[in-house]
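Just below is one structure, and these are the notes that go with it.
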Amino acid sequence: MTRADYMSCGTGAVANTCTIHTIGRTHSATERRARISVMAMKLSVIIPVRNERPTIASVIRECRVLDPAAEVLVVANGTTDGSVEIARREGANVIAYDAPLGHDVGRSVGARHASGDILLFLDGDMVIPAAKLEPFVRLIREGADVVLNDYSGNVQTKQPHDVVVAKHVLNSALRRPDLRGLSLAAVPHALSRKAAERIGFENLAVPPLAHAMAVYGGLNIRTAPTVHVGKLNPRRSHRYNGDPTGRLMMGDHLEALAWLLAQTDRRGNRHDFGRRRNEVRSR
Amino acid sequence: MKGTRHADNQRAAVVYRRSNRKRQAPERPANRLRRAAAIRPYARGRRLAKGKGAGRAAGRARRRRDVRRMTASPFGRRSGTTHQTKRLHHIGSRGRHSRLRNRAIRKPAAHRPANGKYRSGSSALINGRTFRHRLAAVVTCRNEQDTLPKVLRQLERLPFDEIIVVINGSTDRSLELASKFRNVTIVWQHEPLGHDIGRAVGARIATADVILFMDGDLPVRAERLVPFLRAVDRGADLALNDLSPYVGNFAEYDQVTQFKVFLNRVLGRPDLAMNSMTAVPHAVSRRLLDTVGIESLAVPPRAQALAIMNGLNITAPGSVDVIRRNRIRPYNVGEGNPVADMIIGDHLEAISCVLQRLGTRGGYPDTARLRHIARGEEECLRA
């Protein structure tokens, strides 16, 4: 896909929704139509689940609080603890796989099956109050293509986690250092349907790659107030098992960088500051 | 008035002491004499008269010590750890990477080359300290007439077989000042070569086994350079400048530092933190040049990535603060300045090199991700 393709996606939505906040005044017919269409934007919540029996019911209930009309899609994979039954009892649409699909593949599957115009991505093991999810949905309604959680991980340390470093580096490589460690790899985040289609559903399974595509494509990226997912995430002692998730995420970020370097040149379109390399070329 | 009062006070103190302790107050020696006394603290009368330290052997040891103190050698004493390395060790032991540093200082004996590797006339003897390999320094310089002589003066204090100054694009007196030094090889290039190219040009000329890279704008005391030379002399292939004592939490890192950390971590060397061949001073072995190719020095992060991937021995034995002391120029200040942009490009180039060699995911696993399902190739069982 060319850069132009990505660029074309970012605009549109912003232009026709900039009047949303002036509700109550008389608008032109066009504006009214735009407003109605925005308010009618349907919300789909996508929740990949493995064995999340203790939390899944509350997660779904918070989604109902957020928007009673929301479509809640639970992508259960490799579940053995009855999470599927609980989700069904709570009235969610359940897509079930016997085998685990691997990290974040559930997001791709959920996005493909979602019918909404706003896609909100959550995790089954993390109960986030509806009040904190509301800004994600609202910002998409206001015209954003991507809404990220304003969460960079623990940076107040000399030894940050590999993934924290990788997220910062990816944003720098994308010339968006202002995004710091924000990433589509962190939940919650929301995408407009247009953005998800532009990124490609299959790429949502590798979140840093999706992030790179969204940023490089010039999508309209906004941030919602921080949800401290680091605290909500159950502590996994990666010190003893070699941190497989960290290694996976490191690979994901390298994959994203590889994609970026394929779109640009091997220096990410950065200049050489007048280096005369032929002076030292091997003879 | 003031002076008089001061003198009165002093006299009063002397009187007080004299009457109470029944001891003669020492005369305040002139500044020059006091300094002399500091150099030879044992030359004063009473302590030599009897008791410990009065014997002939002790006197001999004392004189030897004094001689060592007075000859300002960058190598310190003859025992394993010099005063200098002890200090560095102290700085290092505060950081979490201290183990790496300690190892670099204490353990390089294992990598010492066999005795057969001695070359006649190549070992330099200063105060009894020998380097086993021939040493070279490469100094790159562009319009640095104020600092270049200081750099060279410090290098002269070390037993280099070659000092190579690569002067490029200079319009000031750098050349004239450099040519005043004896035993300095000058490479003159009228046009600027660009960042880091000078290092490769200098390295191509050098014939020594240990090559130290310096910048003409950053004088570093010879004592501070010894750890780098010594590490490579004893078997390391790359001795980097350890910058971790000078940076704070990750939140305060600039983009370039983040990239440096990332590159080392991707290659499985988190212990190297943000230490990089981008920063001077650093020393390399001949083996490194042969392995990564001299031309790759032109893009330092790429050379470093190649060195790590080839399993070369990399340490960070010394710390020189190049962050605060770097000369401020119009193009290297602020986030996203042209130099930072170039260094980020260097790191991306290094990452491309890594990905080319180790695959799109740099050898990291994909932990059983069923990608065909992500692509929607297999319809699922809707429950």
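Here the protein sequences line up with chains A and B, keeping their order.
Sequential numbering from 1156 applies to the first sequence in our numbering.
Sequential numbering from 9 applies to the second sequence in our numbering.
We treat Cβ as the ideally placed atom computed from N, Cα and C, and that holds for glycine.
>> List, in chain order, every chain B residue whose beta-carbon is nearer than 8 Å to that of residue 1357 (chain A).
In response: 379, 382, 383, 384
> Within 9 Å (strictly less), CB to CB, does residue 1353 (chain A) reach chain B?
Replying inline: No - not a single Cβ of chain B is within 9 Å of the one on residue 1353 (chain A).
> Cα separation between residue 1380 (chain A) and residue 1257 (chain A)?
Replying inline: 29 Å
> Where does residue 1348 (chain A) land, buried or exposed, given buried means 16+ other C-beta within 10 angstroms?
Replying inline: buried
> Taking the C-alpha atoms as reference points, what is the distance between residue 377 (chain B) and residue 1260 (chain A)?
Replying inline: 7 Å
> Can a CB atom of chain B be found closer than 9 Å to the CB of residue 1361 (chain A)?
Replying inline: yes
> Between residue 354 (chain B) and the rest of its own chain, which residues show a CB-CB distance below 6 Å, the 5 nearest in sequence each way excluded?
Replying inline: 307, 309
> Exposed or buried, what is residue 303 (chain B) when buried is set at 16 or more other beta-carbons lying within 10 Å of its beta-carbon?
Replying inline: So residue 303 (chain B) counts as buried.
> I think residue 1405 (chain A) touches residue 372 (chain B), with their Cβ atoms under 8 Å apart; what is that distance to the nearest whole Å?
Replying inline: 5 Å
>> Residues of chain A with CB closer than 7 Å to the CB of residue 392 (chain B), please, in chain order.
In response: Outside the modelled stretch of chain B, which goes from 9 to 391, sits residue 392 (chain B), for which no answer is possible.
>> Check for me: the alpha helix (DSSP H) holding residue 272 (chain B) runs from which residue to which?
In response: 263-274
> Is it right to say residue 1220 (chain A) is buried, meaning 16 or more other beta carbons lie within 10 angstroms of its own, or is it exposed?
Replying inline: exposed
> residue 283 (chain B) by DSSP, collapsed to three states: which one?
Replying inline: coil
> For residue 308 (chain B), which residues in chain A fall below 7 Å Cβ to Cβ?
Replying inline: Ordered by position in chain A, no residue passes the 7 Å Cβ test against residue 308 (chain B), which lies about 12 Å from the chain.
> So what's residue 372 (chain B) in DSSP terms, helix, strand or just coil?
Replying inline: coil
> In the region 1398-1419 of chain A, which residues sit with their C-beta less than 7 Å from some C-beta in chain B, listed in chain order?
Replying inline: 1399, 1402, 1403, 1405, 1406, 1409, 1410, 1412, 1413, 1416
> Using CA coordinates, which residue listed in A:1330, A:1341, A:1359 is at the minimum distance from residue 384 (chain B)?
Replying inline: A:1359
>> Closer than 7 Å between beta carbons: that is the criterion. Which residues of the region 1224-1239 of chain A meet it against chain B?
In response: 1239
> Hey, how far is the Cα of residue 168 (chain B) from the Cα of residue 192 (chain B)?
Replying inline: Their backbone Cα atoms lie some 10 Å apart in a straight line.
> Distance, Cα to Cα, residue 1183 (chain A) vs residue 1402 (chain A)?
Replying inline: 54 Å
> Which residues bound the beta strand (DSSP E) around residue 1252 (chain A)?
Replying inline: Looking at the DSSP string, the run of the beta strand (DSSP E) that includes residue 1252 (chain A) is 1248-1252.
> According to DSSP, which residues form a beta bridge with residue 293 (chain B)?
Replying inline: B:218
> How would you write the range of the beta strand (DSSP E) that residue 365 (chain B) sits in, first residue to last?
Replying inline: No beta strand (DSSP E) holds residue 365 (chain B); the alpha helix (DSSP H) holding it covers 346-366.
> How many Å lie between residue 224 (chain B) and residue 156 (chain B) at the Cα?
Replying inline: 5 Å
> Shorter than 9 Å from the beta carbon of residue 312 (chain B) to some beta carbon of chain A?
Replying inline: no
> Using a beta-carbon distance cut-off of less than 8 Å, what residues from the region 1317-1346 of chain A approach chain B?
Replying inline: 1317, 1319, 1320, 1321, 1323, 1324, 1327, 1328, 1332
> Distance, Cα to Cα, residue 210 (chain B) vs residue 72 (chain B)?
Replying inline: 40 Å
> Can you name the residues that DSSP bridges to residue 139 (chain B)?
Replying inline: For residue 139 (chain B), which the question treats as bridged, DSSP gives no partner whatsoever.
> Under a three-way DSSP split, which group does residue 170 (chain B) fall into?
Replying inline: Residue state, collapsed to three classes: strand.
> Counting Cβ pairs closer than 8 Å, one from the region 201-217 of chain B and one from the region 170-183 of chain B, do we hit at least three?
Replying inline: Because the criterion of three Cβ pairs below 8 Å is met, the region 201-217 of chain B and the region 170-183 of chain B touch.
>> So, with DSSP's three-state summary, where would you put residue 1427 (chain A)?
In response: Residue state, collapsed to three classes: coil.
> Which runs of the alpha helix (DSSP H) spanning at least 4 residues fall entirely within the region 1190-1242 of chain A, listed in chain order?
Replying inline: 1211-1221
>> Let me confirm a value: residue 331 (chain B) is counted as buried when at least 16 other C-beta atoms fall within 10 Å, else exposed. Which label applies?
In response: exposed
> If we call anything under 9 Å between Cβ atoms a contact, is residue 1277 (chain A) one with residue 1342 (chain A)?
Replying inline: yes
>> Using a 10 Å radius around the Cβ and a threshold of 16 neighbouring Cβ atoms, would you call residue 1433 (chain A) buried or exposed?
In response: Under a 10 Å Cβ-count criterion, residue 1433 (chain A) is classified as exposed, with fewer than 16 other Cβ atoms of the shown protein chains found around its own Cβ.
> What in chain A is Cβ-close to residue 374 (chain B), meaning under 8 Å?
Replying inline: Chain-order list of chain A residues neighbouring residue 374 (chain B): 1257, 1403, 1406, by C-beta distance under 8 Å.
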